[in-house]
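See below for the structure under consideration.
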Amino acid sequence: MGFTALRAGGPVMVPLLLLSIVVLAIGVERLRYWQRWGLSSTRQERLLTDSLAAIPAGASRQQRQSLELAQLELGMAQGEPVLEAATLIGPLLGLIGTVSGLMRVLAALGPDLTLPSGASVVGYSQVLVSTWLGLVVALIAAVLLRTNQGLRQWQRSRLELACLRAEAEAP
């Protein structure tokens with residue numbers, strides 16, 4: 133896909149390209165986050181249980197546990213609303229670009245809807261590039277979103293189980 137194909141997509145290609153950059157940036161950030169988190173290690177579980185161990189048993193401990201879990205989950209869910217929006221906005225922007233491109237093609241064909249002499253239909257197919265890009269952006273955003281949500285739910289369950297285990301082992 134060259135510059136002419138991007139130009140054929142029309143002005144809607146600018147927000148589509150910006151959206152794709154945002155989605156990829158969130159994807160890289162989430163990858164780095166989960167690498168730092170250490171999915172296979174119990175480091176986060178130990179940090180959580182150690183911070184809770186310093187608090188005496190009772191209602192305040194339950195509140196602190198809920199607060200700690202909510203703060204951790206907030207970090208795990210970062211970027212999800214943007215990814216969710218991108219799964220919807222990407223294809224819609226692509227369709228807008230395709231419709232405007234088809235309108236230009238129909239105007240170029242004239243009232244008889246015939247190709248100008250020496251013109252090829254191949255060049256007109258480039259109006260679909262915006263739909264293609266919108267769908268690709270939405271697909272990448274959906275994969276990132278579902279992967280992050282799955283990891284977040286898995287880690288939340290592990291942390292809750294660690295809290296329950298620490299509570300049961302507490303004197």
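The sequence shown begins at 133 in this note's numbering and counts up one residue at a time.
Beta carbons: idealized from backbone N, C-alpha and C, even for Gly.
Cβ-Cβ separation, residue j to residue i (assumed contact under 8 Å), whole Å
i	j	result
residue 111	residue 205	Beyond the ends of the chain as shown, which are 133 and 303, falls residue 111; an answer cannot be given.
residue 146	residue 232	No, residue 146 and residue 232 are not in contact; Cβ-Cβ is about 13 Å, not under 8 Å.
residue 201	residue 292	7 Å
residue 177	residue 284	Residue 177 to residue 284, Cβ: 15 Å. No contact.
residue 218	residue 261	18 Å between Cβ atoms; not a contact.
residue 234	residue 214	With a Cβ gap of about 29 Å, residue 234 and residue 214 do not count as contacting.
residue 229	residue 142	5 Å
residue 227	residue 263	6 Å
Bounding residues of the alpha helix (DSSP H) (the contiguous stretch that carries residue i)
i	result
residue 266	261-301
residue 217	212-241
residue 159	145-169
residue 185	175-185
Interface flag, residue i vs chain B, CB-CB below 8 Å
i	result
residue 238	Absent from the structure is chain B; it holds one protein chain and no more.
Three CB pairs or more closer than 8 Å across the region 257-276 and the region 146-162: These segments touch.
Segment contact, 8 Å Cβ cut-off, at least three pairs: the region 213-226 with the region 260-268: Yes: at least three Cβ pairs fall under 8 Å.
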